[in-house]
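Numbering (the working numbering), first residue to last: 223 to 640.
What follows is one structure encoded as structure tokens, with my remarks underneath.
Written out as structure tokens, the structure is:
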């Protein structure tokens with residue numbers, strides 16, 4: 223009965239055959255509890271994905287290290303203690319990516335459906351909270367789901383694999399009521415990538431019309447794509463900002479499946495800026511791995527060489543942050559990814575992220591790499607506790623309203639300049 227429960231309620235069914243056989247043999251030998259079985263299945267899955275030494279080899283090594291006189295539950299506890307200590311060590315260390323890619327970066331655009339529905343498409347940032355500082359972004363869910371398969375992404379946890387365009391986008395935006403005298407930061411990149419679809423189903427036509435009708439908004443189109451042809455062929459409202467999520471070549475190769483390369487993203491952004499359209503950049507998520515402290519600052523150097531600060535409206539920083547269902551979804555999906563080889567420390571919302579020490583070190587390192595732009599480009603942390611602002615910027619906003627007001631003031635000044 224216990225074994226049947228294991229198969230249906232843990233990761234056992236998705237493990238490779240050797241791991242399944244080994245765990246099956248441990249069940250009667252050590253009278254494992256269900257909780258222990260669940261943990262072993264998760265450990266085995268993580269080791270498979272990280273291409274680390276398999277569970278069977280680690281366990282057998284520990285068997286040889288523990289005195290034979292130790293038996294029964296005491297032996298089991300000693301073995302599990304060694305295993306958990308090894309997993310903790312794996313998670314604390316900087317993971318290593320080889321030169322060989324763990325994934326394919328061939329862009330794959332699946333079939334889409336255009337759906338007429340009464341679902342609201344305009345709303346608040348889904349993670350806005352008084353516990354962390356948020357610019358109070360508003361969102362337009364013009365497309366649901368994303369063709370990219372970044373290993374850390376949360377989007378796929380909310381949809382069932384379908385790509386859905388809202389067939390009533392224009393009508394719904396026309397009916398959206400905005401106060402004419404207040405600033406709004408609005409993005410369409412929360413439920414999908416903003417540019418990968420191009421102008422399919424008139425998507426960019428509608429969004430740009432909305433921006434033109436509301437000069438008091440900053441409409442951000444966030445992407446990991448190189449698809450900018452629409453903007454090279456059409457005049458674009460001044461209050462539209464194209465932003466790119468950036469990462470190092472190692473992370474793009476290994477964890478951002480199907481996306482444009484770093485070079486392709488930077489060249490696309492440079493072409494957009496050349497058209498007089500303002501750009502922004504997101505260093506989110508920063509990933510802790512061997513070489514991060516050299517490679518992220520290298521990107522900062524490239525940006526400062528390729529762009530004038532007047533062309534860049536904002537730069538943001540954030541680290542890997544995962545909700546628990548996404549962690550389980552990553553494990554179920556499997557494949558060669560090291561994104562879960564990290565400490566998982568709960569943040570104020572119960573999400574899992576790096577330790578404060580690691581986050582502060584990463585934020586400060588990348589921010590300092592932009593020292594020449596500190597007074598020229600607006601920079602901020604995305605959804606982080608004020609203590610991180612203090613450590614990086616030496617200050618923090620008192621609340622989200624103050625953050626929103628300052629963000630609006632600084633960015634709209636940049637948008638109004640030539």
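All C-beta atoms in this analysis are idealised placements derived from N, C-alpha and C, irrespective of residue type, glycine included.
- Taken atom to atom, the span from the alpha-carbon of residue 406 to that of residue 439 is near 5 Å.
- Pairing residue 363 with residue 413 gives a Cβ-Cβ distance under 8 Å.
- For the pair of segments examined, the stretch 515-532 was found not to touch the stretch 622-631: the number of CB pairs separated by less than 8 Å stays below three.
- Between the stretch 594-612 and the stretch 307-315, the count of C-beta pairs closer than 8 Å stays below three; the two stretches do not touch.
- Nearest to residue 538 by C-alpha distance, out of 505, 351, 299, 511, is 505.
- Taking one beta carbon from each stretch, the stretch 363-381 and the stretch 478-488 have 3 or more pairs nearer than 8 Å; the two touch.
- Each residue's CA atom was taken as its position, placing residue 298 and residue 336 some 55 Å apart.
- Residues of the same chain with a CB within less than 6 Å of the CB of residue 280, apart from the 5 flanking positions on each side, do not exist.
- For residue 360, the three-state secondary structure derived from DSSP is strand.
- By the neighbour-count criterion, in which a residue is buried when 16 or more other Cβ atoms sit within 10 angstroms of its Cβ, residue 487 is buried.
- The Cβ atoms of residue 503 and residue 600 do not sit closer than 8 Å to each other.
- Between residue 525 and residue 518, the beta carbon gap of about 11 Å keeps them out of contact (Cβ cut-off 8 Å).
- Look at residue 506 here: in three-state DSSP terms it is strand.
- With fewer than 16 other beta carbons inside 10 angstroms of its own, residue 306 counts as exposed.
- Straight through space, the alpha carbons of residue 243 and residue 348 are spaced by roughly 42 Å.
- In this structure residue 469 is buried. Its beta-carbon is surrounded by 16 or more other beta-carbon atoms within 10 angstroms.
- CA-CA distance, residue 583 to residue 590, rounds to 11 Å.
- About 7 Å separates the CB atoms of residue 443 and residue 411; that is less than 8 Å, so the two are in contact.
- Annotated as distal: residue 545 and residue 552, with beta-carbon spacing of 8 Å or more.
- By the neighbour-count criterion, in which 16 or more other beta carbons inside 10 Å mark a residue as buried, residue 454 falls on the exposed side.
- Annotation for residue 614: the continuous alpha helix (DSSP H) segment containing it runs 608-615.
- Secondary structure at residue 452: helix, using DSSP grouped into helix, strand and coil.
- Assigned with DSSP and collapsed to three states, residue 523 falls in helix.
- Per DSSP, residue 240 is one residue of the alpha helix (DSSP H) stretching across 239-252.
- Listed in chain order, the non-local C-beta contacts of residue 459 below 7 Å within the same chain comprise 430, 433, 434, local neighbours out to five positions each way being set aside.
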